[in-house]
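The listed protein sequences derive, respectively, from chains X, W and Z. Mapping of the first sequence onto the working numbering: position 76 corresponds to residue 76, and the numbering continues sequentially without gaps. Add 323 to the 1-based position in the second sequence for the working numbering, that's all there is to it. Add 684 to the 1-based position in the third sequence for the working numbering, that's all there is to it. Glycine is no exception: its CB is placed at the ideal position from the N, C-alpha and C atoms. Since the structure is predicted, the reported quantities are computational estimates derived from the model, not experimental observations. Notes for the one structure printed next.
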Amino acid sequence: MQTKKERKPIYSILIEHREIPLLAVLAGKSWLNVLKNGSINMVMCCGMLCVLLIGSIDISITAILAFAGAVAGKLMGTGVLQSTVLMFLLGIAIGAVIGAVNGVLMSYGRVISLIVTLSTSYIVRALIPMSWLLGMNKINPTQLTQGFKDSLINHSFLGLPFLVWLAVLVVVVTGVFLKYTRTGRNLYAVGSNAEAAQMRGVPINRIRVLAHTICGATAGLAGIMWLAFYAAIEKGSALGDEMFTIAACVLGGVAVTGGYGKITGVVIGAVMIAFIDSAIPQMGIGNSMITEFIKGILLLVAILLNVILQRIAEKQDLARRNI
Amino acid sequence: MQKVKSFLKSWEFFLIVLLAVMCLVFKITDASRIAAGAQKKPIFYFANVLKSMRPYFLYSFMTLGMMLILAMGDIDISVGAIGTLSVVTLGVTYNRIAGQTENGSPAALAVALLACLLVGSLCGALNGFLVTRFKELFPMIITLATQLFFRGFSYLLIGGDTLTFKDPTFKSLSSLNQLLKVGGLQIPISIPIYLALAVVFYFWLHRTGNGRKIFAIGTNSAATYYSGVRVDRIKFWCFVIAGFMSAVTGIFFVGNSSSSVKADIMDGYHMYAIAAAVLGGFSTDGGKGSVIGATISLVIFGVVKFGLGTLFAFPDSAVNLSVGVILILSVLVPNLVEDIQNKRKVAQRRAETAKLNAAKA
Amino acid sequence: MPGSEYILEMNGITKIFPGVKALDNVHFNLKAGEIHALVGENGAGKSTFIKTLTGVHQPDGGEIILNGEKVVMTDPITAQERGIAAIYQHAASYPDLSVAENIFIGHEFKIGPFIDWPKMNREAKKLLDSIDANLSPTASVGSLTVGQQQLVEIAKALSMNAKILIMDEPTASLSQREAEDLYTIARRLRDQGVGIILISHRFEDIFGLADRVTVFRDAQYIGTWKLEEVDQPFLVHHMVGREITQLFPKKETVVGEELLKLEHLTRTGFYRDINMTVRSGEIVGLTGLVGAGRTEVMESVFGVTKPDSGRIIFRGEEVKDQTPTQMMARGLGMLPENRQKEGLLLAWSINHNISLSVLNKCQDGIFINRGKEYELSNKMKELLAIKAPNTDTHTGALSGGNQQKVVVAKQLAAEPQVIILDEPTKGVDVGSKAAIYEIMSDLASQGLGILMISSELPEVINMSDRIYVMSEGKVTKEFTDTKSLTQDDILHAAMPQSK
Chain X
1 MQTKKERKPI
11 YSILIEHREI
21 PLLAVLAGKS
31 WLNVLKNGSI
41 NMVMCCGMLC
51 VLLIGSIDIS
61 ITAILAFAGA
71 VAGKLMGTGV
81 LQSTVLMFLL
91 GIAIGAVIGA
101 VNGVLMSYGR
111 VISLIVTLST
121 SYIVRALIPM
131 SWLLGMNKIN
141 PTQLTQGFKD
151 SLINHSFLGL
161 PFLVWLAVLV
171 VVVTGVFLKY
181 TRTGRNLYAV
191 GSNAEAAQMR
201 GVPINRIRVL
211 AHTICGATAG
221 LAGIMWLAFY
231 AAIEKGSALG
241 DEMFTIAACV
251 LGGVAVTGGY
261 GKITGVVIGA
271 VMIAFIDSAI
281 PQMGIGNSMI
291 TEFIKGILLL
301 VAILLNVILQ
311 RIAEKQDLAR
321 RNI
Chain W
324 MQKVKSFLKS
334 WEFFLIVLLA
344 VMCLVFKITD
354 ASRIAAGAQK
364 KPIFYFANVL
374 KSMRPYFLYS
384 FMTLGMMLIL
394 AMGDIDISVG
404 AIGTLSVVTL
414 GVTYNRIAGQ
424 TENGSPAALA
434 VALLACLLVG
444 SLCGALNGFL
454 VTRFKELFPM
464 IITLATQLFF
474 RGFSYLLIGG
484 DTLTFKDPTF
494 KSLSSLNQLL
504 KVGGLQIPIS
514 IPIYLALAVV
524 FYFWLHRTGN
534 GRKIFAIGTN
544 SAATYYSGVR
554 VDRIKFWCFV
564 IAGFMSAVTG
574 IFFVGNSSSS
584 VKADIMDGYH
594 MYAIAAAVLG
604 GFSTDGGKGS
614 VIGATISLVI
624 FGVVKFGLGT
634 LFAFPDSAVN
644 LSVGVILILS
654 VLVPNLVEDI
664 QNKRKVAQRR
674 AETAKLNAAK
684 A
Chain Z
685 MPGSEYILEM
695 NGITKIFPGV
705 KALDNVHFNL
715 KAGEIHALVG
725 ENGAGKSTFI
735 KTLTGVHQPD
745 GGEIILNGEK
755 VVMTDPITAQ
765 ERGIAAIYQH
775 AASYPDLSVA
785 ENIFIGHEFK
795 IGPFIDWPKM
805 NREAKKLLDS
815 IDANLSPTAS
825 VGSLTVGQQQ
835 LVEIAKALSM
845 NAKILIMDEP
855 TASLSQREAE
865 DLYTIARRLR
875 DQGVGIILIS
885 HRFEDIFGLA
895 DRVTVFRDAQ
905 YIGTWKLEEV
915 DQPFLVHHMV
925 GREITQLFPK
935 KETVVGEELL
945 KLEHLTRTGF
955 YRDINMTVRS
965 GEIVGLTGLV
975 GAGRTEVMES
985 VFGVTKPDSG
995 RIIFRGEEVK
1005 DQTPTQMMAR
1015 GLGMLPENRQ
1025 KEGLLLAWSI
1035 NHNISLSVLN
1045 KCQDGIFINR
1055 GKEYELSNKM
1065 KELLAIKAPN
1075 TDTHTGALSG
1085 GNQQKVVVAK
1095 QLAAEPQVII
1105 LDEPTKGVDV
1115 GSKAAIYEIM
1125 SDLASQGLGI
1135 LMISSELPEV
1145 INMSDRIYVM
1155 SEGKVTKEFT
1165 DTKSLTQDDI
1175 LHAAMPQSK
């Protein structure tokens, strides 16, 4: 007797029905664009996967992105920091610190993660327009070194720009971490049954802080990627985009209740979001306002479709049970 | 005696103390600034604070709606976007019917207002429908998605433009933001309207069977369902009311924003609604909170923003920052207090047991 | 007492929680190769005691001596390393993770810092085979039955080379057959020299397995006996602290008109072609293995789920599009199996819980009349003898038996004609069990129709007037005469035919 169904995420059904190749056709020759557009989101998805696995959520990631980008950009603009590598390390560090604060508040402070990250997103975004940071200004291309601006786009390897390779690197590291290390498996354990994990001696609070720290770090990294890619950052950068990160994870079959989710699913989910992003202009719709609208609808439909397809699959399984 | 004791332990009492302490701090700052010659006249006094509550009571209606949702243990992130879409509908409808005529048309305004409230309710109904029919998804995920959808819809309707109305009919909306003169006091109109609604909400939530059921859903929705309560129906209507309240908030906003309508007019305002409700004792866990607490919280936020803004000359963003900090602290502090109390209880027991064991030996 | 006789001695253990003393100077010891049962009512401190042994809680007093050496269990890992493994009441596994991972989590096979999955799966298979569990190591544990999950837990204990195995209510959610399998494995482990601590409410478990038995009551140590020295009434007396005269107080009743009738009820994947009747004054037992579809049928009758076809006739009227609200209004009550999740609002008082289902009776217009509310709940508290200081007591603070009474009170407040009781005595201690049976008996004599879903065959046989047995979603047998029925008769009908 099956008490619980094996989860069947939307992408596996889409692959069966060959809709993914269809999306690829829609995206046309711009598959490179798809990867480029999707890279930053992909990096954040890896962090988001970690917090979703422990049954938490982080909606402060795009605020962290903007803040990390602003701080690093300001330092480069004022000439304090010139090294591209240090920029990336700084971004990761800033993100990790904010993520750790989120994690400590949600685990040791027992504040619900939604409230914590909603608050930190406001706090962190409120810091950006302060006079010691950006003030009323934004970071613009002239404040950045050429080497930094070129680092992700103009260097490529095997035909793919570094931007994409960076995303691939993060995906691989996260994937190996989650599947092949004890700490990684503990994330699943905590999300699957925290009480059991505690009884088995898993330091659940430390694991929770770690997950949030990783998520913050990826968001910080994404901030520097954003800065290098667009050569600009401002107070409202990526505002509301956390929804696309969460959506990619949901589409990738990650359980928002925690404990279940695979990196492969998340990658496919993120690519699907990037397809939607790139395919709309291909359909001959130029107006960015309409793009927003269609994106909103597609996202809603995709998430709901995911559930409906799962229900159909479950119903078919039940019919097969011969009772 | 028992009643006094339980009141002294209640969250509402804590909020009142918090409010009093804040007022005291601001009052002292005010006085010391006069003494130092930084300002000539006192700024922080009752009539002035009351008068300046106007912008902060704008989202009070949204808070009422959010209270319902939080009491059921759900959350609605889309309320800000619903407010925006309702307002955009208001502007677009009015523009369509009355155009940019000189005097405008009261009938058109009535239709536009109805459309605005209707759209708000419909958005709430969509949320309610999705939340009750797609239980596999969390309300948070659903409303995050519908937020994007509503926002997209606003952009579809008016693009990046700003609709501004100069005719007196439309301008009459700004009377919603005028001050009522009662005796020597100037009271923003939104406050008495809010209080009237709050009284209704208070009796509904805390005194009627229906209100009790809303809290029951937040405490344990499965058990409530097995008790024969129509959980889905109540949920649906609470989301509709939350949407309606967002539209009401939107109408006050238009009056406030020099009679112009933009597609991002209320972006992010869900934060204030959630913050005030959570500080007021509501929780995303559901099942708790009180209308009185939420009302005191609204006052606290108003005082904080007024005090920080005028006395300490904090920029707007810093005020946002303080909202975030207060929100975290309002959940964190009670948790920490509980931890300390528990530790103390155990230590006490331990000491007693040690004494007993020593006596036995 | 020579120290070498016992592999474990726990002396004078005391544990304090905020508000309660969970353990007060209790003792326990265990020999290698014995099964030592630990019994007591809910709240007697058994689970806390186990948690002090496994390092989840640190005791506030007393000592733990393991193999003659005084030890301190600072955390669960220390306990595991010293060879103590526990199988908890609610299978404490990770439903989303695979069988192999559940077995080896915390001591995975690794190559360098990385987990060696192929080896883990191979070793898991070996362990599972050694206890005759035919499971795939890669299946996710959430897709297994509770019985299979227990086997995974045992495999996990074996993988750690446990010398002491704690089984906390291992059979609570198992059918008779699965429980038998578990007994066999427990005996084999004992013969291999493992010391087993068995916690159970089921006397079949205790008398079928244990060598010695220790009783706790109200956080205190009562005594330890060899099993040959004791019988069931003796144990019950020490657990409850008083005599229980009659466990199954079945009254003769007048069976009247037909109240509930199911015709060809079918829900694809759950149950098929169910025909049943419940008459006034009758207690009808519905039994079968866990997963046979018993609860699913009754959930459909109560309106929680929708059947695909068939008819439900309630008091002569066909019911369509039923919901719990509508069915309760018609006079059907249901006591859900999981009373903590579906039966009660644990954070609420007895008063509020009882009135929730009948708020319209406690209202003046739309406003709640607190006087009427208290009147109702106080009446119910007295009627069902709910043990609590007053009706403002939170239900979360009550014992399992009293919680169950509150759920019954909630249903009775709505004045039903038919009540469905789903596992009414699950996890309820002996004293309260008798009280619940008495309530059932009283209700039937008042003319209510009662349908009781239960896996505990003694209560099914002794309390029911008629018994339906389900297997694999179908009713396989109806027993109209319960007087001479044996457990074997029922088990025979409950066994899946296809296997």
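Where V825/Z falls: helix, strand or coil (DSSP): helix
Please state whether the Cβ-Cβ distance between G1115/Z and G1084/Z is less than 8 Å. no
Unbroken alpha helix (DSSP H) runs of length 4 or more, entirely within the stretch 1005–1089 of chain Z: which are they? 1008–1014, 1034–1040 and 1054–1067
Between the stretch 61–78 of chain X and the stretch 197–213 of chain X, can you find at least three pairs of beta-carbon atoms closer than 8 Å? no
I1137/Z to F461/W span [Cα, whole Å]: 33 Å
For N619/W, which of K350/W, K328/W and F336/W has the nearest alpha-carbon? Checking the sequence, you will find Ile at residue 619/W rather than Asn. Of the candidates K350/W, K328/W and F336/W, the residue whose Cα lies closest to the Cα of I619/W is F336/W.
Please report how far the alpha carbon of A600/W lies from the alpha carbon of I392/W, in whole angstroms. 10 Å
Is A1031/Z near H1078/Z, with beta carbons less than 8 Å apart? yes
Quick one: what's got a C-beta closer than 6 Å to R999/Z's C-beta in the same chain, skipping five residues either side? L943
Contained alpha helix (DSSP H) runs [length at least 4] in the stretch 378–414 of chain W, N- to C-terminal order: 383–394
Chain-ordered neighbours of N193/X on chain Z, where CB pairs are closer than 8 Å: A776, S777, Y778 and P779
How big is the Cα-Cα spacing for N786/Z and S1039/Z? 43 Å
I need the DSSP call for L692/Z, collapsed to helix, strand or coil. strand
Unbroken stretches of the alpha helix (DSSP H), 4 residues or longer, contained in the stretch 144–206 of chain X: Runs of the alpha helix (DSSP H) inside the stretch 144–206 of chain X: 146–153, 162–180, 182–192 and 194–199.
Segment contact flag, the stretch 561–576 of chain W with the stretch 432–446 of chain W, C-beta cutoff 8 Å, min 3 pairs: yes
Does the CB of M48/X have a neighbour CB from chain Z at under 8 Å? Judged by the 8 Å Cβ criterion, M48/X is not in contact with chain Z.
Straight-line gap, I112/X to L210/X (C-alpha atoms, nearest Å): So the two alpha carbons sit approximately 16 Å from each other.
DSSP beta-bridge partners of M1136/Z: G969/Z and L1105/Z
Chain-order list of residues whose beta-carbon lies under 7 Å from that of G1027/Z (same chain, five-residue window excluded): L1019, P1020 and V1091
Go ahead and pull the three-state DSSP assignment for Q316/X. helix
If you draw a straight line from the C-alpha of E314/X to the C-alpha of R872/Z, how long is it? 40 Å
Straight-line Cα distance separating T1170/Z from D1126/Z: 25 Å
What are the residues of the stretch 793–816 of chain Z that lie near chain X, defined by any Cβ-Cβ distance shorter than 7 Å? P797, F798 and I799
Starting from the C-beta of P429/W, find all residues in its chain whose C-beta is less than 7 Å away, skip the five residues before and the five after it, and write them out in chain order. T492
Verify the CB distance criterion: does Y548/W have a CB-CB separation below 8 Å to chain A? Annotation note: the requested chain A is absent from the structure, which comprises protein chains X, W and Z.
Beta-carbon spacing of G609/W, G506/W below 8 Å: no
N-terminal and C-terminal residue of the beta strand (DSSP E) that D875/Z is part of: Careful: D875/Z lies outside any beta strand (DSSP E), inside the alpha helix (DSSP H) at Q860 to D875.
Among N37/X, Q316/X and V301/X, which residue has its Cα nearest to the Cα of L160/X? N37/X
Is M232/X close to chain Z? Criterion is C-beta to C-beta, closer than 8 Å. A small fix is needed here, since residue 232/X is Ala in this sequence, not Met. Taking Cβ atoms only, chain Z never reaches closer than 8 Å to A232/X, which makes this a no.
Assigned exposure category for H885/Z - 16 Cβ within 10 Å defines buried: buried
Taking the C-alpha atoms as reference points, what is the distance between P917/Z and S192/X? 42 Å
Determine which residues of the stretch 1041–1071 of chain Z have a Cβ less than 8 Å from any Cβ of chain W, and write them out in chain order. Listed in chain order, the positions of the stretch 1041–1071 of chain Z with a beta carbon within less than 8 Å of a beta carbon of chain W are S1041, L1043, N1044, C1046, Q1047, I1050, F1051 and I1052.
Residues of chain X with a CB under 8 Å from the CB of F476/W: which are they? F293 and G296
So D744/Z contacts chain W; which residues on that side make the cut at Cβ distance below 7 Å? R673 and T676
Leaving aside the five residues before and after S444/W along the sequence, list all residues of the same chain whose C-beta is less than 6 Å from its C-beta, in chain order. V563, G566 and F567
Give me the subset of the stretch 623–655 of chain W whose CB atoms are less than 7 Å from a CB atom of chain X, sorted by chain position. Here the close residues are S640, A641, N643, L644, V646, G647, V648, L650, I651, V654 and L655.
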